[in-house]
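Trainee: Using our numbering, the letters of the sequence shown correspond one by one to residues 245 to 585.
Below you will find the structure I want to go over with you.
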Amino acid sequence: MLTRRKFIQQSAIATLTAGIAPSLASTKEENIVMTVNGPIQPTQMKFTLTHEHILADFIGAEQYSKDRYNADEVFNTALPFLLEVKKLGCTTFIDCSPAYLGRDVQLFKRLSKASGLNIITNTGYYGAVNEKFLPKHVYTETSEQIAARWISEWKNGIDGTDIRPGFMKTSVDKAPLTPAQRKIIDAAAITHLATGLTIGVHTGNGDAANEQLEILKARNVAPSARIWIHAQSEPSETYYIETAKKGGWVSFDGVNPGTLQANLKYLQLMKKNNFLDLVLVSQDSGWYHVGEPKGGEYKNYNCIFTEFIPLLKQNGFTQSEIDKIFITNPAKAFEIKIRTL
Ligand SMILES: [Zn+2]
Numbered sequence: 245m246l247t248r249r250k251f252i253q254q255s256a257i258a259t260l261t262a263g264i265a266p267s268l269a270s271t272k273e274e275n276i277v278m279t280v281n282g283p284i285q286p287t288q289m290k291f292t293l294t295h296e297h298i299l300a301d302f303i304g305a306e307q308y309s310k311d312r313y314n315a316d317e318v319f320n321t322a323l324p325f326l327l328e329v330k331k332l333g334c335t336t337f338i339d340c341s342p343a344y345l346g347r348d349v350q351l352f353k354r355l356s357k358a359s360g361l362n363i364i365t366n367t368g369y370y371g372a373v374n375e376k377f378l379p380k381h382v383y384t385e386t387s388e389q390i391a392a393r394w395i396s397e398w399k400n401g402i403d404g405t406d407i408r409p410g411f412m413k414t415s416v417d418k419a420p421l422t423p424a425q426r427k428i429i430d431a432a433a434i435t436h437l438a439t440g441l442t443i444g445v446h447t448g449n450g451d452a453a454n455e456q457l458e459i460l461k462a463r464n465v466a467p468s469a470r471i472w473i474h475a476q477s478e479p480s481e482t483y484y485i486e487t488a489k490k491g492g493w494v495s496f497d498g499v500n501p502g503t504l505q506a507n508l509k510y511l512q513l514m515k516k517n518n519f520l521d522l523v524l525v526s527q528d529s530g531w532y533h534v535g536e537p538k539g540g541e542y543k544n545y546n547c548i549f550t551e552f553i554p555l556l557k558q559n560g561f562t563q564s565e566i567d568k569i570f571i572t573n574p575a576k577a578f579e580i581k582i583r584t585l
């Protein structure tokens, strides 16, 4: 039997817990970054490559299967490249292969443990390339139903594991977006409002990037929730400035030995317009090509370190500007945070 005093104490504790619980939940799930090994603080990301790949299979959603490759062979192929870039100064590696295209979260977790890199994976669907990589249920389900699948991956983990996504990876071709492509961007907006996951969109051109922002706007989602992936596919630089004026992330993610000058020009343009704080830079490099002998040609992740940063320095970029591009901006862009208009 409860004494009156104990009863009062217990009620007070119950009231206190009820009051505290929601705020604890939100601090746990917001203002963090989600890696394949669980949450970290945004400041722990340090030097980040925001768009790379470990594994890709271009067979298409209908025939996609993990039986098409040997995970140990991929592990052994990828690990030396990851160790090499870690040694050059990379701390966080963001894998942009979505579901049905090479997302193998258990493999990524093994590689993260073996390399010491933070690895971040994604939820979402890839609608570009004429929707070849979209599963059939995209055509029969509503955007709310598709979003529920992605939100479930955030809450419960991916593919029966407890490994959770750190952002959304979606994609569309050039404008105008197809109905299915519009649907996945709408699903991404719904998912963002429920989870705070940032929406990365592989995008065909500038008009397609703007069309996405209209879809997000209809759901009250801010442009800062979206990363315009492959901005360099749009030849007209006015689109980059227009997007940055709205607060949207512009990702120049094709740095390789053949594109150094072009990427220098993009960054000089953004710097001149005072938008260096909305730029992401990466290489879209890697990966083990499923279906090719021994994974085909695996391109290393070194160019930003060995060639591009020295070029930036030669052209007057300061260390603090370089830190902004590769440390501060990724931490802001990939922080779990709901961003509304
Ligand atoms: Zn890519």
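Positions of the beta carbon are idealized from the N, C-alpha and C atoms, including for glycine.
Going by alpha carbons, who is nearest to residue 433 out of 583, 337, 310?
Mentor: Looking at the Cα atoms, 583 is the closest of the given residues.
Trainee: Can you look up residue 265 in the DSSP assignment and give me helix, strand or coil?
Mentor: With a pLDDT of 41 at residue 265, under the threshold of 50, the modelled position of this residue cannot be trusted; read the value that follows with caution. Residue state, collapsed to three classes: helix.
Trainee: Beta carbon of residue 469, beta carbon of residue 487: below 9 Å?
Mentor: Result no, Cβ atoms of residue 469 and residue 487 do not sit closer than 9 Å.
Trainee: Could you tell me which of 461, 504, 478, 479 sits nearest to residue 490, measuring between CA atoms?
Mentor: Of the candidates 461, 504, 478, 479, the one whose C-alpha sits nearest the C-alpha of residue 490 is 461.
Trainee: Locate the beta strand (DSSP E) running through residue 282, then write down its first and last residues.
Mentor: Note, residue 282: beta strand (DSSP E), 282 to 284.
Trainee: Going by the C-beta, is residue 395 closer than 8 Å to any heavy atom of ligand 1?
Mentor: Checking every heavy atom of ligand 1 against the Cβ of residue 395, none is found closer than 8 Å.
Trainee: What would DSSP say about residue 277, mapped onto helix, strand or coil?
Mentor: Three-state DSSP puts residue 277 in a strand.
Trainee: Taking the alpha carbon of residue 291 as the reference point, which residue from 585, 570, 581, 580 has its own alpha carbon closest?
Mentor: Selected option, being the one with the closest Cα: 570.
Trainee: Considering only their Cβ atoms, is the gap separating residue 332 from residue 546 smaller than 9 Å?
Mentor: For residue 546 and residue 332, yes; Cβs fall inside 9 Å.
Trainee: With C-beta atoms as the reference, is residue 371 less than 9 Å away from residue 382?
Mentor: Result yes, Cβ atoms of residue 371 and residue 382 sit closer than 9 Å.
Trainee: According to DSSP, is residue 410 part of a helix, a strand, or is it coil?
Mentor: Three-state result, residue 410: coil.
Trainee: Would you mind sorting residue 408 into buried or exposed? The rule is 16 or more other CB atoms within 10 Å of its CB.
Mentor: It is buried - the Cβ of residue 408 has at least 16 other Cβ atoms within 10 Å.
Trainee: What is the DSSP secondary structure of residue 444, counted as helix, strand or coil?
Mentor: Strand.
Trainee: What does the shell around ligand 1 hold, if a residue joins when its beta-carbon is under 6 Å from any heavy atom?
Mentor: Here the residues come out as 295, 297, 340, 528.
Trainee: So, helix, strand or coil for residue 329, using DSSP?
Mentor: Helix at residue 329.
Trainee: Using 8 Å as the cut-off, can you tell me whether the stretch 419 to 430 makes contact with the stretch 394 to 406, which would need three or more C-beta pairs spanning the two stretches below that distance?
Mentor: Flag = no, the stretch 419 to 430 and the stretch 394 to 406 do not touch.
Trainee: Where in the stretch 443 to 504 do unbroken runs of the alpha helix (DSSP H), each at least 4 residues long, occur, reported from the N-terminal end onward?
Mentor: Runs of the alpha helix (DSSP H) inside the stretch 443 to 504: 450 to 462, 482 to 489.
Trainee: If you draw a straight line from the alpha carbon of residue 429 to that of residue 388, how long is it in whole angstroms?
Mentor: Each residue's Cα considered, the two are about 11 Å apart.
Trainee: Grab me the residues of residue 304's own chain with a C-beta within less than 6 Å of its C-beta, minus the 5 sequence neighbours each way, in chain order.
Mentor: Cβ neighbours of residue 304 beyond the five flanking positions: 376.
Trainee: Under 7 Å Cβ to Cβ from residue 555, same chain only, skipping five residues before and after it: list those, please.
Mentor: Same-chain partners within the cutoff: 504, 508.
Trainee: Applying the 10 Å Cβ sphere with the 16-neighbour rule, what's the burial state of residue 405?
Mentor: Exposed is the call here.
Trainee: So, helix, strand or coil for residue 366, using DSSP?
Mentor: Strand.
Trainee: Which whole-angstrom value is the C-beta distance of residue 344 and residue 534, which I expect to be below 8 Å?
Mentor: The pair is not a contact, with the Cβ atoms about 12 Å apart (cut-off 8 Å).
Trainee: Whose C-beta lies closer than 6 Å to the C-beta of residue 498 among residues of the same chain, with five residues either side of it excluded?
Mentor: Cβ neighbours of residue 498 beyond the five flanking positions: 476, 528.
Trainee: Nearest to residue 431 by alpha carbon, out of 530, 573, 412, 340?
Mentor: Residue 412 is the option with its Cα nearest to residue 431.
Trainee: Using 10 angstroms around the beta-carbon of residue 366, count the other beta-carbons present and answer buried if the total reaches 16, otherwise exposed.
Mentor: Result: buried.
Trainee: Would you give the residue range spanned by the alpha helix (DSSP H) that residue 361 belongs to?
Mentor: Per DSSP, residue 361 belongs to no alpha helix (DSSP H) and is neither H nor E.
Trainee: From residue 357 to residue 478, what distance separates their C-alpha atoms?
Mentor: Each residue's Cα considered, the two are about 37 Å apart.
Trainee: So does the stretch 273 to 288 actually touch the stretch 309 to 325, counting three or more Cβ pairs closer than 8 Å?
Mentor: No contact exists between the stretch 273 to 288 and the stretch 309 to 325.
Trainee: What are the partner residues of residue 523, as DSSP defines its beta bridges?
Mentor: Residue 523 pairs with 494.
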